[in-house]
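Protein chains in written order, with the numbering used here: chain A, 443 to 871; chain B, 443 to 871.
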């Protein structure tokens, strides 16, 4: 199917925004500007009053945890995990994983996200949700090496790779997902590395999220989490490292050396009081930093525009530098840098030859007035309810605010049923 | 006119959310729960699927600056002011002030704000916009005592008080607006105090916004801005102090002693890299802290739900305490505390006898699912485009998303014309 978006204000890879035409041929951005006469569109979208940006890339989430949104907030981390999150997670069945994923994917599509990187259990059900909805995803089986099911989880990650890597018209990629250095002993991580090398797969892992984690790692291994991962050889696999809040200069040098890509999760890091990652420094050192929402239980949504906005704001105050992360840089982190972070080199910018993953915002209303600078307005003034159209892999998944592949009402009904069963609580609205 | 809101999930002053009925009689919340049979409604609102919260109070803004939204971002403060903001402000005429105010008020009503505290020039035009639109406001003439027009501005503030205080069915209150200690010499401030006392008016001022301001004040007066204001006697007038980012423990003790109320502006403080105000400490000391957006040129919107969300998030990370500002506390800061901060004791909570300033959110969609805790969802997951209905002083100003007193299209047209004339730039969308 071919799509022509006519006369749309478009954010280009160089940070300018200009009105142009975008032609999509099958799953690819075919041409921008003057469209060859040979191109025939099956669908034409009037781009007047709209802003075209690369679809957002959510570089770190646990999508099925959307079922726990607002279940437990404003608590100390271990109290929250031990008394609220883990007991419920232990009860989750495949159906919960599926409906949680459908709920989260619905929200992501409606808020302009076209790619997400996920780490959780029963990932075949997440893969099913990705297949059915049309979104793009990078999936990994979250593995707690220290848990009784560690070996089983590793086997599941292998099976996930065999069954789903490069499936769903190439929309699904599979990584290996060892949870973190503090939950995965060195021997287990070495097994993961071996499997990742066997499959030529990359690794998605939580690193240096909290002060406590770094302290514990130093006590146990006399190394920071980053240095410990280098020692074990994990950083040679191609690593997407979530969080990276507490880093030394030596850590950053190691990350640069091994081309570790970061998923920065400002909303979750603030809400869980983990701290503020040294993003300005990471960017200055040339490290690739994408953005993620983390799970909705610690955010509490999957709204990437909020993460882009937070990224543009908090690092200015943290460094007392109003130029620390300018608006366009934050947008790049939420799009092209995010794509590179999750290992995809063919999406994240609007350019001929790239995958057709495009989000259109409606620029109606006061928040877009006056429009001296559309990128500033997007990052500092707009919100995700202004998303009008979302195209993934050349297919329109959101059409003037309406989902084309998803029955939202049914998903909300089923998700509420799962949530009530899991928690024994009555849902209010 | 009487309004009955039936069966609506309502946030009560004690932090619970329960389904109930709300009866509005003229400008007052008349009854909650079982409504007396004698009450007759002219309008009945079906509250099913909606959340009723007190209307948001924007405790510090410069509404006409909405004309400069996205005109200049990601710049050093003095570069931004001297080369961008001040030259354009110098060209502003009464028409610009009026259309800028209309643009900002339109946005505020649509995003659930029912009260705003403003400081700027030509405030009679802002008062006109407040009268026409039906919103509630606390207006002050921004005065630069050191400027050639300092005396004229003080006279204008007096005239503003005489003409508008307690006008528009009591919706307008007038304060005195000396800009800041670094722009208003002690002699000028003493004149302001004298006038404020004469009119029994309160004072709205910027205090301790930046490190530079505090340093300069210490060099000039050997006192911090707060201590200097105490010495001059300004703090005895009833003070709404905007920003208060850089405070010593002594400053906080002085503020407590004089019951100084704070307008915390997290979005602006982050964006201008001013820093993060010690809000947790202020709250612990029992100081009243409301929230404001500041002007749209340094935010870039007037969305109070974003400020509430930022407040709940950033102080957790700044203090490494996940309980620093819980969700309901942040909501109170954006409502009841804000009302007290701007000197209004009869609005900011849903309780019989209070002014009928109420915002209803639509709880449809994934961001509200599952709903274990509606207040958490509002603060951490929702966005301001989900505002459905806004009532101010017992009048419905937004009805299922539609403005009842405002022609939004005309306002956007006129605001764009003003913006183009002021800046010489072409508006893009």
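Glycine is no exception: its CB is placed at the ideal position from the N, C-alpha and C atoms. As the structure is a prediction and not an experimental result, all values here were calculated from the model.
Span of the alpha helix (DSSP H), counted from its first residue to its last, around residue i
i: residue 603 of chain B; result: 592-606
i: residue 621 of chain A; result: Run containing residue 621 of chain A: none; DSSP gives neither H nor E here.
i: residue 711 of chain B; result: 708-713
i: residue 538 of chain B; result: 536-552
i: residue 751 of chain B; result: 746-761
i: residue 838 of chain A; result: Per DSSP, residue 838 of chain A belongs to no alpha helix (DSSP H); it is in the beta strand (DSSP E), 837-841.
i: residue 521 of chain A; result: 519-522
i: residue 663 of chain A; result: 653-663
i: residue 641 of chain B; result: 628-641
Cβ-based neighbour list, residue i, same chain, cut-off 6 Å, excluding 5 preceding and 5 following
i: residue 547 of chain B; result: 571, 575, 577
i: residue 468 of chain B; result: 836
i: residue 740 of chain B; result: 710, 713, 714
i: residue 539 of chain B; result: 506, 564, 567
i: residue 778 of chain A; result: 790, 791
i: residue 719 of chain B; result: 686, 687, 706
i: residue 450 of chain B; result: 489, 492, 494
i: residue 764 of chain B; result: 758
i: residue 464 of chain A; result: 447, 474
Cross-strand partners of residue i (DSSP beta bridge)
i: residue 448 of chain B; result: B:488
i: residue 688 of chain A; result: For residue 688 of chain A, which the question treats as bridged, DSSP gives no partner whatsoever.
i: residue 875 of chain A; result: Residue 875 of chain A is absent from the structure shown; chain A starts at 443 and stops at 871.
i: residue 496 of chain B; result: B:800
i: residue 808 of chain A; result: Per DSSP, none; premise fails for residue 808 of chain A.
i: residue 473 of chain B; result: B:465
i: residue 646 of chain A; result: A:682
i: residue 459 of chain A; result: A:453
i: residue 584 of chain A; result: A:619
i: residue 505 of chain B; result: BP columns for residue 505 of chain B are empty, so no partner.
Per-residue DSSP class, three states only, for residue i
i: residue 814 of chain B; result: coil
i: residue 718 of chain A; result: coil
i: residue 772 of chain B; result: helix
i: residue 668 of chain B; result: helix
i: residue 858 of chain A; result: helix
i: residue 443 of chain A; result: coil
i: residue 821 of chain B; result: helix
i: residue 527 of chain A; result: helix
i: residue 833 of chain B; result: strand
i: residue 786 of chain B; result: coil
i: residue 777 of chain B; result: coil
i: residue 388 of chain B; result: Look at the range of chain B in this structure, 443 to 871, and you will see that residue 388 of chain B is not part of it.
i: residue 704 of chain A; result: strand
i: residue 844 of chain B; result: strand
i: residue 791 of chain B; result: coil
i: residue 512 of chain B; result: coil
i: residue 727 of chain B; result: coil
i: residue 573 of chain B; result: helix
i: residue 566 of chain B; result: helix
i: residue 533 of chain B; result: coil
Expected contact under 8 Å - CB spacing of residue i and residue j to nearest Å
i: residue 477 of chain B; j: residue 798 of chain B; result: Actually they are not in contact, since the Cβ atoms of residue 477 of chain B and residue 798 of chain B sit about 14 Å apart, beyond 8 Å.
i: residue 556 of chain B; j: residue 832 of chain B; result: 6 Å
i: residue 735 of chain A; j: residue 444 of chain A; result: In fact, because the Cβ distance is near 32 Å, the residues do not count as touching under 8 Å.
i: residue 515 of chain B; j: residue 743 of chain B; result: The Cβ separation is near 12 Å, so there is no contact.
i: residue 860 of chain B; j: residue 541 of chain B; result: 5 Å
Contacts around residue i, its chain only, beta-carbon distance under 8 Å, and the 5 residues preceding and following it disregarded
i: residue 773 of chain B; result: 453, 495, 750, 817, 820, 821
i: residue 754 of chain B; result: 767, 768, 769, 771, 772, 821, 822
i: residue 644 of chain B; result: 617, 618, 638, 679, 680, 681, 682, 785
Same chain, Cβ closer than 7 Å to residue i, five either side skipped, listed in chain order
i: residue 804 of chain B; result: 491, 492, 828, 830
i: residue 554 of chain A; result: 497, 498, 746, 747, 801, 826, 829, 832
i: residue 648 of chain B; result: 621, 622, 684, 685
i: residue 676 of chain A; result: 631, 635, 645
i: residue 486 of chain B; result: 446, 448
i: residue 550 of chain B; result: 500, 558, 577, 744
i: residue 869 of chain A; result: 858, 861, 862
Extent of the continuous beta strand (DSSP E) run through residue i
i: residue 562 of chain A; result: 555-562
i: residue 732 of chain B; result: 731-733
Residue i CB to nearest heavy atom of the ligand ZN below 8 Å
i: residue 798 of chain B; result: Here there are no bound small molecules, and the ligand ZN is not part of this structure.
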